[in-house]
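Numbering (the working numbering), first residue to last: 9 to 534.
Even glycine gets a Cβ: it sits at the ideal position worked out from N, Cα and C.
What you are looking at is a predicted structure, and each value in this text was computed from that prediction instead of being measured.
Presented below is the structure to which this report refers.
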Amino acid sequence: MADTATAVAGNQSLVRQMLKSTSYYSVAIVVQRVVSILMLPLYTRYLTRADYGVLELLELVLTLASLLVSVQLSTALFYYYHHTQNENERRRNVITAFFGTVIFGMAAAIAGVVFASGISRLVFGSATYEGLVRIVLVGLGLSLPAEFGFSSLRLQNRAQAFMMITIGRVLLNVTLNVVFLTALGFGVSTMPWSSLITTCCLTIFFARVTLAENSPSLFHPPTLWKMVLYGLPLGISTAGEVILHFGDRLFLSKAVTLTDLGLYGLAYKLGMMVSFATIPFFNYWNSQMIGIVLRPRGEQTYARGATYLLLGQTFLVLLITVFIDPVLAILVEPSFRQAALFVPWVGLAYLVRGMGTYWSNTFLLINRPALVAQVTWVGSGSCLLAYATLIPRFGLWGAIAATLLGFALMASFALWKGQRLRPFQYEYGRWAKILVCGALAVLPSVLLHPSRITTQIALGIASSGLFLVLLWALRFPTDGETQTLADILRKLLSKSMALLGGHTTAAEPTLASVQPLGEERAGTDD
C-alpha cells in the first residue's frame with residue numbers, strides 16, 4: 009500500500025512538471041501559429057500565389073542546405089551534459105558546442121554567398137533569385153548559434169524564458185514584415201530579410217549570454233569531435249526527415265505551376281498545425297520518457313501516453329476539417345480558398361506521422377538509435393517512389409497521397425519493429441474507438457458542406473461535440489480518468505467560487521488530491 013501511494017504521488021509530481029513545462033512550450037508554439045494565421049490577410053493581399061511559390065522553393069533551399077551542417081550538436085550536448093556531474097566539464101561542453109555551431113554556421117554562410125547563383129539556376133531555372141538565395145543561406149549560418157541558445161534553455165529546463173524569447177522573436181519578425189511589405193514595398197523579399205535581421209539579433213543575444221556564463225578558454229576541440237561523431241547519425245536521420253516533409257516540392261516544381269505550388273504550400277502549412285501541436289509534448293516527453301518507463305507502473309504510463317497522443321491529434325484533425333472553410337473564408341483572398349480541399353488530408357498525414365514518432369521512441373528506450381534512422385529512411389524511400397509515380401500524373405493530389413502513404417508505411421514499420429524488440433501493452437481497442445468516433449463526427453460537415461459561414465461554424469461546433477458524446481457513449485474513459493476529470497472540474501469550480509466570493513472554500517481539493525489522467529486509483533487496478 010505504501011509503495012502504491014508513493015508511486016501515485018510520484019506520478020502526480022511528474023504530471024504537474026510535464027504540464028508546467030509543456031504549457032510554456034505550448035504558448036510559444038500557439039503564439040507563432042496564431043500570429044501567422046492572423047497575418048494571412050495582409051500577406052495574401054501584398055503577395056501573389058506565385059510569390060508564395062517562390063517562398064516555398066526558398067524554404068526548400070534552406071532545408072536542404074541545413075542538411076550539410078546538421079550534426080545535431082545540441083542533441084549531443086544533452087547527452088554529454090547529463091553524463092557528468094562536474095560543473096567545469098559541463099561548462100566546457102556548453103562552450104564547445106556553442107563554438108561548434110559558430111564554426112558550422114560560418115561555413116554555411118560563406119558557401120551561401122559563393123554558390124548562390126548556381127543554386128538559383130538549379131532551383132528556379134535562372135539567376136533571378138540569386139539575392140534571395142544568398143540572404144536565406146546567410147540566415148541559415150546565423151541561425152545555428154541562435155537555435156543552440158534555445159536548446160540551452162531547454163537543457164536548463166527554463167521553459168518560461170524559452171517562451172518569452174520566442175514571443176519576442178515572433179513580434180520582431182512580424183513588425184519587420186509589416187514595415188517591409190506595406191511601407192517599403194519589398195514584396196517577396198520581405199520574409200527573407202525579416203528572418204535574417206531577427207536571427208541576427210537572436211544570435212548576438214545568445215552569444216553574449218553564453219560567453220558571459222562560460223569562459224571561451226574552456227573550448228575543447230576533442231570534445232567537439234566527440235559531439236560531432238555522436239550527432240552525425242542523427243543528422244543522417246534528419247536528411248530522411250527533410251525528404252519526408254519537403255521532397256514533394258522538388259517533383260511539384262516540375263509538374264505544376266508556381267501558382268498551384270503556392271496554394272499547396274499554404275495548405276501544407278495549415279495542415280501541419282497537427283505536427284506543431286505535438287511539439288510541446290515531444291519537447292518534454294523525449295527528454296523524460298526513459299525515466300518514466302523506469303518508474304513503478306511506468307510501462308502502463310508509456311502505453312497510455314500513445315492513447316492520449318492519438319486522442320489529441322484526432323480531435324485536432326477533426327477541428328481543422330470542420331472549421332477550415334470558414335477560417336479561410338475570413339482570413340484569405342478568394343484565390344487561396346481552394347486550399348481547404350487539401351488541408352484536412354495533410355493534417356491526417358501528420359497525425360500518422362506523430363504516432364510513428366512516438367512508436368519510434370521505443371528504439372531510444374532500448375539504446376538502438378540507429379533504428380530511428382532506419383525507420384525514417386523506410387518512409388523516405390517509399391515517399392520518393394510515390395512522389396515520382398503519383399505527382400506527374402495527379403499533381404497536387406498525387407503529392408498528398410504519396411505523403412500519406414509514406415507516413416503510414418513508416419509508422420507501421422516502427423510499431424511492428426518496436427513491438428518485436430520491446431513490447432508494450434498498447435490500448436488498441438481504445439485506439440479503434442477514437443478513430444471510429446472521429447470518422448463519424450466529421451461526416452455531417454463533409455456530407456452537408458453548407459455554403460454559409462455561420463452554418464459552417466455551427467455545424468463544426470456540433471461535430472466537435474458529437475465526437476466527445478460518441479466517446480462517452482462507447483465508454484472510452486476509464487473509471488480513473490472519469491474520476492480525475494471530476495476532480496479537476498470540482499477544483500476549478502471551487503477556485504471560481506472562491507474568486508467570486510472573495511474567500512477560499514474549505515472543501516477545495518488540493519493538487520495532491522487530483523489523480524493524474526490515466527492513473528487508476530489504488531484498489532481499482534484489477
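Using a C-beta cut-off of 8 Å, the stretch 271–291 makes contact with the stretch 320–337, since at least three inter-stretch Cβ pairs fall below that distance. By the CB criterion at 7 Å, Ala73 and Leu145 fall inside the cutoff.
Under the DSSP assignment, Phe415 falls in the alpha helix (DSSP H) whose first and last residues are 404–429. Sixteen is the threshold: when 16 or more other Cβ atoms of the shown chains lie within 10 Å of the Cβ of Leu356, as they do, the residue is buried. Taking the C-beta atoms as reference points, Gly61 is found nearer than 7 Å to Leu269. Taking a contact as a CB-CB distance under 8 Å, the pair Tyr366 and Gly255 does not count as one, their CB atoms being some 23 Å apart.
In this structure, Phe475 keeps its C-beta atom at 7 Å or more from the C-beta atom of Leu252. The DSSP-derived three-state label of Ser128 is helix.
In this structure, Phe371 is the residue among Phe371, Ala419, Ile465, Ala466 with its C-alpha nearest to the C-alpha of Arg430. In the same chain as Ser134, and ignoring 5 residues on each side of it, the C-beta atoms closer than 8 Å to its own belong to Ser128, in chain order. Annotated as distal: Leu232 and Thr83, with beta-carbon spacing of 7 Å or more. Between Leu266 and Ala58, the C-beta spacing is below 7 Å. Rounded to the nearest angstrom, the Cβ distance from Asn294 to Asn369 is 7 Å, consistent with a contact under 8 Å. Ranked by Cα distance from Leu65, the first of Val121, Gly193, Leu274 is Leu274. With the rule of 3 Cβ pairs closer than 8 Å, the stretch 160–180 counts as touching the stretch 38–45. In the structure shown, Phe188 falls within a helical segment according to DSSP collapsed to helix, strand and coil.
For Tyr137, there is no enclosing alpha helix (DSSP H), since its DSSP letter is neither H nor E.
In this structure, Ala117 lies away from Phe214, with their beta-carbon atoms at least 7 Å apart. Taking C-alpha positions only, Gln491 is separated from Gly313 by approximately 18 Å.
If you check the CB distance, Leu204 and Arg99 do not come in under 7 Å. By the criterion of at least three beta-carbon pairs nearer than 8 Å, the stretch 455–467 is not in contact with the stretch 399–417. Per DSSP, Arg438 is one residue of the alpha helix (DSSP H) stretching across 436–456. Membership of Glu64 in the alpha helix (DSSP H) is indicated by the continuous run 57–75. DSSP places Thr206 inside the alpha helix (DSSP H), whose first and last residues are 198–221. For Thr30, the closest of Ala169, Val477, Gly248 by C-alpha to C-alpha distance is Ala169. By a beta-carbon distance limit of 8 Å, Tyr292 does not contact Met171. Their separation comes to about 13 Å. Taking Pro200 as the centre and dropping the five residues before and after it, the same chain places the C-beta of Leu66, Leu140, Ile143, Val144, Gly147 closer than 8 Å to its C-beta, in chain order.
Restricting attention to Pro400, Arg460, Leu417, Ser245, the CA atom closest to the CA of Ser390 is found in Leu417. Here Ala419 is not near Ser245, since their CB atoms are 7 Å or more apart. In this structure, DSSP gives Leu482 a state outside helix and strand, which the three-state scheme calls coil.
In the DSSP assignment, Phe323 falls within the unbroken alpha helix (DSSP H) covering 306–339. Per DSSP, the continuous alpha helix (DSSP H) segment holding Phe371 begins and ends at 351–373. Only residues of its own chain outside the window of five on either side were considered, and among them Asn181, Leu184, Asn185, Phe188 have a CB closer than 7 Å to the CB of Ser202, listed in chain order. Residue range 266–279 is occupied by the alpha helix (DSSP H) that includes Ala275.
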